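Q: Quick note on the numbering used here: the sequence shown kicks off at 1 and runs consecutively.
Glycine is no exception: its CB is placed at the ideal position from the N, C-alpha and C atoms.
All values derive from a computational prediction rather than experimental measurement.
Please find one structure pasted underneath; my questions will follow.
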Amino acid sequence: MTGELEEETYAPTVAPQGPQVGEVVSGYQLNQDLGRGWFTANALGAGPSVDVYVRPQPLWAGLRSHRLLPRVTPVGDLWVLAPTEGTPLTLPLDPDAAQSYLTDLARLLFALEKQGYAVTDLDPFSVQLTREGLKLRLPPQVARLGEAAQPTLRDNFTPPEVQEGQPAQAKSGVYLLGALFFQWLTGCPLPTEGPSSVVLAGVNASGVPQLLSGMLAPLPQRLTPTELLAALKTAAARLPVYGLAAATDIGLNPERPTNEDAYGFVWHQTGQHGGGAVTLRAVVSDGMGGMAAGEVASQAAVRAFLGSGAPTLEAQVWEANAAVLADMQGRDGGCTLTGVQICGTQLQLGHVGDTRAYMAQGGAVQQLSKDHSYVAAMVASGQMTPEEAQVSPERNKVLRSLGSLRAAQDNYVQVLPEPLELPVGSRVLLISDGIWGEVPPPVLHDLLLQEPSLQGMVDRLIELSLASGAPDNATALVIERVR
């Protein structure tokens, strides 16, 4: 007796279940077992390696097509997965990007719930970014709502009720997305002890701990897909942020003792849970040169336009017209006006005369307003080139102005067919002819695109006008969406 024990390994007595590596199923040779019924395989004789599913027909095969779901094709006794040309997400993600991707997946949960399915398992490494956006490389595991879910276990991801085999609920998919969202933001899976308040409070992103708390809560308190989408909409409802600068100058013409230009802006903003609202209205007006009290007309127009409660820009401009008529008290005078209103991130224009509005967006500049002037009409008819119009002595002759009509006239005020969306970085410039008449278009465009300081830009436009002799008053106002 030596006291030593010998170890002997016995061969398994239970035969392997299901297809095995090396077998041929429906013309495909199985090469590598990926788990959960998935294999890599090659069509016999030709073709690249593809992923195939070899278990009996899964529930996900009956799902309606969705842009996030991969395309699978039945071939005999297996399902062939169309390759997804994407890349895995690089963790940790920026909170804004993570919430955007989470919203996509929450919409998928909502769509599946409407079909009567709950998501009970999702491979976290299946989420990929493609040229078309987010996509799942593998289909999620689903169960019919109210039926017992097949017990699964994916460490730190599987919802507790799925581990226990309880009837499937749409909330199970919300838990999975919560675990995925946590990993996206932190680069780590949920800790083994679960989603405690201390763990969630450590996620340093505004509003995210509260969102995760609702997604990873016990089943009775957990968010539904509909509630999750509503919470994500509230979290994403952030007010746009704008910057603004303006300047005006009388110019150098000794025959113009008064600056007949005027400008102004009003800014209404409310901030609250769920977003709030922002409305910005701005205007530049040029009193008619050579007419009595042109500054009275421009100031009346600006004051009335900014204070108008009319529902449209066109109606606001006509209220400005009425104010000009009232303040001029029968004197010979009038003004041009170019005004904009930004509601949230959308811009609308109201314009009469030859003050101008420009938009800088995506590295390009376009003139939003159309000059109501003699030279503009000559250019439109082909009798003058834009270059000739820029230096024509007739360029100050306007064909439309406020104070010249007593009743509203259709199509007299220029407005945009549809509001324009203002992405981050967009700039809107309002100027009088004392600027655009003296600053060459290439220089003006370059300043609008390249000058980082808004106040520096309008000051530079005034300087350039003065350097050219400034025969007219010069006014510039610029707005930029900075966030």
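Less than 7 Å between the C-beta atoms of Leu223 and Val162, yes or no?
A: For Leu223 and Val162, no; Cβs fall outside 7 Å.
Q: To the nearest whole angstrom, what separates the beta carbons of Leu430 and Ala282, a pair I think is in contact under 8 Å?
A: The pair is a contact, with the Cβ atoms about 6 Å apart (cut-off 8 Å).
Q: Helix, strand or coil for Val24, going by three-state DSSP, please let me know.
A: Here Val24 sits in strand by DSSP.
Q: Considering only DSSP beta bridges, list what Cys188 is partnered with.
A: Cys188 pairs with nothing; no bridge assigned.
Q: Going straight from the alpha carbon of Val443 to that of Val391, what length do you get?
A: The straight-line gap from Cα to Cα measures roughly 15 Å.
Q: Any chance you could list the alpha helix (DSSP H) runs of at least 4 consecutive residues sitting entirely within the stretch 357-441, in chain order?
A: Within the stretch 357-441, the complete alpha helix (DSSP H) runs of at least 4 residues are 374-380, 386-391, 433-436.
Q: Suppose the cutoff is 7 Å on Cβ atoms and the five residues either side in sequence are ignored; what does the same chain contact list for Pro88 look like?
A: Taken in chain order, the residues that qualify are Phe125, Gln128.
Q: Put Asp33 into one of helix, strand or coil per three-state DSSP.
A: Note: Asp33 maps to strand in three-state DSSP.
Q: In chain order, what residues of the same chain lie with their CB nearer than 7 Å to the CB of Gly437, ignoring the 5 residues before and after it?
A: The residues are Arg395, Asp472.
Q: For the stretch 54-101, list the beta strand (DSSP E) runs that are entirely contained and at least 3 residues long, ordered along the chain.
A: Runs of the beta strand (DSSP E) inside the stretch 54-101: 72-75, 78-81, 86-88.
Q: On a CA-only basis, which of Thr120, Arg137, Gly362, Thr158 is nearest Leu145? Give me that one, please.
A: With distances taken between Cα atoms, Leu145 lies closest to Thr120.
Q: Any idea which residues DSSP pairs Lys135 with across the strands?
A: Beta-bridge pairing links Lys135 to Gln128.
Q: Is it right to say Arg131 is buried, meaning 16 or more other beta carbons lie within 10 angstroms of its own, or is it exposed?
A: By the neighbour-count rule (16 or more Cβ atoms within 10 Å), Arg131 is not buried but exposed.
Q: So what's Glu480 in DSSP terms, helix, strand or just coil?
A: Looking at Glu480 - three-state DSSP - the assignment turns out to be strand.
Q: Measuring only the C-alpha atoms, how far is Met1 from Pro58?
A: Caution is warranted here: a pLDDT of 48 is assigned to Met1, below 50, making its placement in the model unreliable, and no coordinate value can be reported.
Q: Thinking C-alpha only, which one of Ala315, Ala262, Pro311 is nearest Arg303?
A: The shortest Cα separation from Arg303 among Ala315, Ala262, Pro311 belongs to Ala262.
Q: Given that a residue counts as buried once 16 or more other Cβ atoms are within 10 Å of its Cβ, and exposed if not, what is Arg406?
A: Exposed is the call here.
Q: How would you label Asp332, buried or exposed, when you count the other beta carbons within 10 angstroms and need 16 or more for buried?
A: Asp332 is exposed by the Cβ-count criterion.
Q: For Leu177, count the other beta carbons within 10 Å of its own beta carbon; 16 or more makes it buried, fewer makes it exposed. Which is it?
A: It counts as buried.
Q: Between which two residues does the alpha helix (DSSP H) containing Leu306 stretch?
A: Run containing Leu306: 294-307, per the alpha helix (DSSP H) assignment.
Q: Is Asp446 helix, strand or coil by DSSP?
A: Asp446: helix per DSSP, three-state reduction.
Q: Would a C-beta distance cut-off of 7 Å place Met359 and Val439 closer than the cut-off?
A: Cβ atoms of Met359 and Val439: not closer than 7 Å.
Q: Suppose contacts are defined by Cβ-Cβ distances below 7 Å. Is Ala231 in contact with Leu211 by that definition?
A: Contact flag set, yes.
Q: Tell me which residue opens and which closes the alpha helix (DSSP H) that Val283 is part of.
A: Not the alpha helix (DSSP H): Val283 falls in the beta strand (DSSP E), residues 275-287.
Q: Which residues does DSSP list as the beta-bridge partners of Arg256?
A: In the DSSP output, where bridge partners are listed per residue, Arg256 has none listed.
Q: Compute the distance between the beta-carbons of Val375 and Ala389, then report whether it is under 7 Å.
A: In this structure, Ala389 lies closer than 7 Å to Val375 by Cβ.
Q: In the DSSP assignment, the beta strand (DSSP E) including Gly350 goes from what residue to what residue?
A: 346-352 is the span of the beta strand (DSSP E), which, as asked, contains Gly350.
Q: First and last residue of the beta strand (DSSP E) that includes Gly202?
A: Looking at the DSSP string, Gly202 is not in any beta strand (DSSP E), and its letter there is neither H nor E.
Q: What does a CB cutoff of less than 6 Å around Ser426 pick up in its chain, not counting 5 residues either side in sequence?
A: Taken in chain order, the residues that qualify are Gln361, Arg481.
Q: Work out the CA separation of Gln329 and Gln316 for me, nearest whole Å.
A: Answer to the nearest angstrom: the Cα atoms are 21 Å apart.
Q: Could you pull the start and end residues of the beta strand (DSSP E) that Gly456 belongs to?
A: Note, Gly456: premise wrong, no beta strand (DSSP E); alpha helix (DSSP H) at 454-467.
Q: Does Thr152 come out as helix, strand or coil in the three-state DSSP assignment?
A: Thr152: coil per DSSP, three-state reduction.
Q: Report yes or no: do the stretch 164-172 and the stretch 183-203 share at least 3 C-beta pairs separated by less than 8 Å?
A: The answer is no - the stretch 183-203 does not touch the stretch 164-172, with fewer than three Cβ pairs under 8 Å.
Q: Measure the C-alpha to C-alpha separation of Ala320 and Gln414 and round it to an integer number of angstroms.
A: Whole-angstrom Cα-Cα distance: 14 Å.
Q: If we count the other Cβ atoms within 10 Å of its Cβ and call it buried at 16 or more, is Leu91 buried or exposed?
A: Exposed, by the Cβ-count rule.
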